[in-house]
Amino acid sequence: MEIMMKELEISAAVDELDTVIRFIDEQLEAAECPMNIQMQIELSVEEIFVNIASYAYAPGTGNATIKMRIYGEPLTAEIVFVDSGVQYDPLAKEDPDVNKPAAEREIGGLGIFLTKKNMDEVAYEYSGGKNIFKMRKVIA
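Count along the sequence shown from 1, add 1117, and you get the number used in the numbering used here.
Below you can see the structure in the form of structure tokens.
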């Protein structure tokens, strides 16, 4: 059972993050998503969108499409990010060793690590010249 499917096409620019978060929050609030789960999803959305905005088209610019679907039993939110930027699989990098002191860790990778921990499922594919990053989370 699909409750809703919405799509947002937006400039892949960090200053559009508030618009992206508003778009996601509107769907989650309409589905009566609990606030703690909404915050986990927001953090993950921020991580993925900022990475696209910062790296996908650098030094140029481009667009990103964000598709959000709420469906199923139990109620699940699925968010798909699509961009035509440089091919990059954020899931290919090894998870940081969070048991090491911060000063000994390599820079980077913590955001995608947290995304993997916060979401129930994450997946990446490169198809038709596009990066497609999907994430799902049970919300009820």
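All C-beta atoms, glycine included, are put in the ideal place defined by N, C-alpha and C.
What three-state label does DSSP hand residue 1257 in the structure shown? Annotated three-state conformation of residue 1257 is coil, per DSSP.
Cα-Cα, which of 1257, 1235, 1206 and 1229 is closest to residue 1248? Minimum Cα distance to residue 1248 is reached at 1206.
Please classify residue 1202 as buried or exposed, where buried requires at least 16 neighbouring CB atoms within 10 angstroms. Buried.
So for residue 1172, helix, strand or coil by DSSP? Looking at residue 1172 - three-state DSSP - the assignment turns out to be helix.
Span of the beta strand (DSSP E), counted from its first residue to its last, around residue 1193: Residue 1193 -> beta strand (DSSP E) spans 1193-1200.
Would residue 1137 and residue 1183 be called neighbours here (beta carbons separated by less than 8 Å)? The beta carbons of residue 1137 and residue 1183 sit closer together than 8 Å.
Of the listed residues 1146, 1133 and 1158, nearest to residue 1197 (C-alpha basis): Comparing Cα positions, the closest option is 1158.
Straight-line Cα distance separating residue 1145 from residue 1256: Whole-angstrom Cα-Cα distance: 8 Å.
Between 1151, 1127, 1152 and 1131, which has its C-alpha nearest residue 1140's C-alpha? The candidate whose alpha carbon is nearest that of residue 1140 is 1127.
If you draw a straight line from the C-alpha of residue 1243 to the C-alpha of residue 1173, how long is it? So the alpha carbons of these two residues sit roughly 13 Å apart.
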